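Just so it is clear: in the sequence shown, position 916 is 1238 by the working numbering, and no numbers are missing.
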Amino acid sequence: MLKNRSSQNMARKRSTEPYGGGERPESQEPSGSAGQGVPRHSVSPHQQGGGRGGRGWGAGNPELFQQRGRGRGHYQGRGGGAQARGGMAPQQTNVPVAEHQRRGPPRDMQPQQHYGGRGGSMAGGRGSGPSAVGSSRPPAPELHQATQAPPYAIQTSSSQAGPSQPQEMLSAQVAEQFQQLSVQGEASKSRAIELAVPPAPSSKSVRFPLRPGKGSFGVKCLVKANHFFAELPDKDLHQYDVSIVPEVTSRGVNRAVMEQLVTLYKESCLGGRLPAYDGRKSLYTAGPLPFTSREFQITLVDEDDGSGSTRRQRVFKVVIKFAARADLHHLGLFLAGKQADAPQEALQVLDIVLRELPTARQYAPVGRSFYSPHLGRRQTLGEGLESWRGFYQSIRPTQMGLSLNIDMSSTAFIEPLPVISFVAQLLNRDIQARPLSDADRVKIKKALRGVKVEVTHRGNMRRKYRISGLTSQATRELTFPVDERGTMKSVVQYFHETYGFTIQHSNLPCLQVGNQQRPNYLPMEVCKIVEGQRYSKRLNERQITALLKVTCQRPHDRERDIIQTVRHNNYQDDPYAREFGIKISDKLASVEARILPAPWLKYHDTGREKDCLPRVGQWNMMNKKMVNGGRVNSWMCINFARNVQENVARGFCHELAQMCHTSGMEFSLEPVLPPLSARPDHVERALKARYHDAMRILQPQRRELDLLIVILPDNNGSLYGDLKRICETDLGLVSQCCLTKHVFRMSTQYLANVALKINVKVGGRNTVLVDALSRRIPLVSDRPTIIFGADVTHPHPGEDSSPSIAAVVASQDWPEVTKYAGLVCAQAHRQELIQDLFKVWQDPQRGTVTGGMIKELLISFKRATGQKPQRIIFYRDGVSEGQFYQVLFHELDAIRKACASLEPEYQPPVTFVVVQKRHHTRLFASNHKDQHSVDRSGNILPGTVVDSKICHPTEFDFYLCSHAGIQGTSRPAHYHVLWDENKFSADGLQTLTNNLCYTYARCTRSVSIVPPAYYAHLAAFRARFYMEPETSDSGSLASGAAGRGGPQRGSRVSGGGAVRPLPALKDNVKKVMFYC
């Protein structure tokens, strides 16, 4: 190794290498306290609802809500369009169609950095704008005053609530945050709004709704869950603060210090106790230590690097000081339903105790998961990566008591290869064949930065180093001073003379190790990557596919592996579990479940089948016509695929038009202009020129271009995102993209699926619930009800400047509840609370003006239906348990203010439900061989709902598997009610949620999460295509055209802080559900 003593230091190049992969930008748990920034809508403030003083249902902007053109909805910029991994849907019956190659999957299908396997299917797609089903809805009178909501259920705190009245308590810190979010905290708000909005709930009295009894509707059955009963220990748990000096950031070093301390002093100073250590500042024991505070001196000796030299010794001062007793009594009360707040500290102690054994076995911990090359066969993922198997483990409070949730998982690790081999795999070529390009260097530097290597040119001496960069010069050009006089020697010469080692790859750069100021140089060929380093950056599409293949297990196989893992972990002989008195069952929990029936669906009366009862979560369009067919009088096609000839494109378009017509649309069979072939790198020029050619023909006839059909190459890079951005924010066009492979195959099933998407993009509606038309949906059909869906997607790890995207959708038809309008906005990086739900600003002409996403969607609903919503149901996606309080306080408060800004005392009752897919609960059939209890993939039947045993001890939550599996093990969605003024019964909310999953617009399958939440996710994903390309500080491009190899897009204003607004959507695009 050579030390560079010269002052030359390689300038760090800003990377122009786009991210590969198809990952959805949400791989880390978001921080609820991220920087605030200035969130923006995709429209300017003067376009938003509300007049002076923020009052009125249409004041100040009547033009925004006029029903024009195709009679569509009236709503602001919204996004969407992302579909399940793999681009266009495979040609199997009823699978939804995506528009381009691997654009990034929905939340529950997307692998991140570690994978618990792949669950069933979450079919892709989206709804449409308002238009009525025939004459199904009688005209409703104008409502002048909505029913006032019941007051908040504020209760006085007590030290011990009875089982019938548990309550949630907040910490002082969180309470302080919430007070800042309360109504009184916004000085800029008009006094009228402050008076109209009920006070925010007191932090000392907030509680989530109690379970309103268990559901009884549906066919009863038994399922198994990957939860294992854990007996509550009766030990006296003590917590001690640990301080280690000198302080180190590595948990591994901290653990090594504590392990040495326990080895030396367990029987003496520690009184025979075996403590559990969290690797940071806390130590836990089952009983008191013989002291309240004590100092220890611990010496760590570095591992033998084979050099024969004296090993480094480091001395640490360790102070252990009594902190508190962890009270398990309150945990027992909570599990028995006699206390509302879960004692998080006691649960944390038990989690730490059960983590000790896998950590001691040298498993690699990642969050709550543990990985090892010995827990299953390693699988190559390509480009120098491999997958390791592992398991997820978490202790959870449930109705059956404490439960240990165990699931299988896999993640990517860097292969322990010679660096030369790693680079060859990374570039996928012979690195001797030609010199490295700048792009190659950027890719290598990005992949290797931070990776630990060991040297191989010194026999048994295997010293380890961490890579900090690459040299700008090739190895053969590198020299360094060898003495005080500045005599220079080349790296090649030094290695030959000192080690007798001839450098073969002198054309490659050297690795820089150590700090940037005085870097040391190591030739690539003398370095090997150290085993056990997790790959935390984004995976590309091929790697994602390979990893999903590894993790995709049929239910029976997954259940077998989970049971084997529990037996292998051998909890009954775990010394730590024994020490703390924790006993774990080795049997899967057997849980009572019910199978909810599928709802009847309505199709057009002119079809041979006027209604349909789905079977096992799916149906098809044979003998059916769309319940509301859209109209496409003028359309054209642009072909960006070189291998698709004009006659092939013309034939495909004709077949697609014919399918749309057959399915019930009014669709002209001839385009305005013949198909145009264009180059992908001329996308903007081609789109604009052809659009203007078409408008020269249509404008004299006072007609608009209704649809653009686009043929894309199968691997289209950034083309798809650029095309959508230009069409939707510049030209004002809705478009349908089709991949080349489907153009050549032209299967009937594919064409039928594309027709479904086109119909809702141009104002049609594919199907509605029969119960909705006959007004038989409890707490929805009896009075005008609006259903919201909301989600926030965050940038990928490493993209430290790009914003998060929030999206909110809301139903625009009642009683059908099928079409959803959507809004999107960019907000501060990794901010989970949606900032633009309600906004107040000062306008020079109009004074105080109110707006925001909720207000816009409420006004839009009234314009579409003629009625004000008298009930609000809000499905919120993507919130972790630790953020329940923050999200509820902030977003419920915003809903209240938005309602009050429209009309004094307008406060419709709200039900707020969190939708979770990122959990590790899996449900298995009680008997895998019983064909009546499983679908074709071996998964539990769609409609399976669980609200007992493995659910929360007292609160209103349930697991619902609403979809049929395609491959792998289905993951049920978890619904947790955080607020319920509508007083839903368990059956009422479970049935509504399940039935809504059959109304998804883009496919003839029930989907795995409730459609409004799904639509919000798609809307947020589409909005990333609208961001402007920008490089970030980390030397790589910021987030945007995520996962398709195209230029990445950011929206951060230089200088930090503010978030650049998204470009405005064209008015005619806003009115249609363009994102399907």
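Yeah, the Cβ is synthetic: ideal placement off N, Cα and C, and Gly gets one too.
Computed from a prediction, not measured in an experiment: that's the story for all the values here.
Cβ-based burial, residue i [other Cβ within 10 Å; buried from 16]
{"i": "leucine 1186", "result": "It is worth fixing the name first, because residue 1186 is alanine in this sequence and not leucine. So alanine 1186 counts as buried."}
{"i": "aspartate 624", "result": "exposed"}
{"i": "glutamine 1149", "result": "buried"}
{"i": "histidine 1242", "result": "buried"}
{"i": "leucine 592", "result": "buried"}
{"i": "glutamate 847", "result": "buried"}
{"i": "glycine 1111", "result": "buried"}
{"i": "arginine 718", "result": "buried"}
{"i": "asparagine 862", "result": "buried"}
{"i": "phenylalanine 1066", "result": "exposed"}
{"i": "serine 1182", "result": "buried"}
{"i": "asparagine 576", "result": "buried"}
{"i": "glutamate 914", "result": "exposed"}
{"i": "threonine 585", "result": "exposed"}
Reference residue i; option with closest CA among the options
{"i": "glutamine 715", "options": "Gln721, Asn727 and Gly723", "result": "Asn727"}
{"i": "isoleucine 1019", "options": "Lys1010, Ser956, Pro1035 and Asp1003", "result": "Ser956"}
{"i": "histidine 1274", "options": "Ala658, Lys1177, Tyr1320 and Gly939", "result": "Ala658"}
{"i": "leucine 650", "options": "Met981, Ala920, Glu553 and Met846", "result": "Glu553"}
{"i": "cysteine 1319", "options": "His1285, Gln754, Pro1002 and His1250", "result": "His1285"}
{"i": "proline 1264", "options": "Tyr1281, Asn1249, Glu1277 and Lys1251", "result": "Tyr1281"}
{"i": "methionine 987", "options": "Pro996, Met948, Ala1008 and Val994", "result": "Met948"}
{"i": "proline 803", "options": "Gln826, Asn842 and Ser790", "result": "Asn842"}
{"i": "asparagine 969", "options": "Glu806, Asn892, Val1005 and Pro996", "result": "Pro996"}
{"i": "glycine 594", "options": "Arg1012, Ile904, Lys1046 and Leu611", "result": "Leu611"}
{"i": "arginine 616", "options": "Ile1195, Arg1240 and Ser590", "result": "Ser590"}
{"i": "isoleucine 789", "options": "Lys768, Glu799 and Glu806", "result": "Lys768"}
{"i": "isoleucine 1288", "options": "Trp1301, Ile766 and Val1256", "result": "Val1256"}
{"i": "cysteine 874", "options": "Val1299, Ser1292 and Phe1343", "result": "Ser1292"}
Coarse secondary structure for residue i, derived from DSSP in three states
{"i": "isoleucine 1181", "result": "helix"}
{"i": "histidine 1298", "result": "strand"}
{"i": "arginine 807", "result": "coil"}
{"i": "glutamine 1021", "result": "helix"}
{"i": "threonine 1051", "result": "helix"}
{"i": "glycine 1287", "result": "coil"}
{"i": "glutamine 1312", "result": "helix"}
{"i": "lysine 1393", "result": "coil"}
{"i": "threonine 887", "result": "helix"}
{"i": "leucine 833", "result": "strand"}
{"i": "leucine 1029", "result": "strand"}
{"i": "valine 954", "result": "strand"}
{"i": "valine 1381", "result": "strand"}
{"i": "arginine 690", "result": "coil"}
{"i": "alanine 1386", "result": "coil"}
{"i": "valine 745", "result": "helix"}
{"i": "alanine 1247", "result": "strand"}
Integer Cβ distance of residue i from residue j, believed to fall under 8 Å
{"i": "serine 732", "j": "leucine 869", "result": "6 Å"}
{"i": "alanine 720", "j": "lysine 1271", "result": "One point to set straight first is that residue 720 is threonine, not alanine, in the sequence displayed. Indeed, because the Cβ distance is near 7 Å, the residues count as touching under 8 Å."}
{"i": "proline 1333", "j": "tyrosine 1348", "result": "About 23 Å; that fails the 8 Å criterion."}
{"i": "leucine 605", "j": "valine 564", "result": "5 Å"}
{"i": "aspartate 895", "j": "valine 1092", "result": "Not really, about 58 Å apart at Cβ, beyond 8 Å."}
{"i": "glycine 951", "j": "asparagine 1081", "result": "7 Å"}
Beta-bridge pairing of residue i - partner residues as DSSP gives them
{"i": "serine 999", "result": "Asn961"}
{"i": "valine 1130", "result": "Ala1112 and Leu1145"}
{"i": "tryptophan 710", "result": "Thr733"}
{"i": "alanine 552", "result": "Leu724 and Ile906"}
{"i": "leucine 918", "result": "BP columns for leucine 918 are empty, so no partner."}
{"i": "phenylalanine 638", "result": "Ile620"}
{"i": "glycine 601", "result": "Answer is none; glycine 601 lacks a bridge partner."}
{"i": "alanine 796", "result": "Pro831"}
{"i": "arginine 1470", "result": "Not covered by the structure: residue 1470. The range shown for the chain is 323 to 1398."}
{"i": "aspartate 1165", "result": "Gly1169"}
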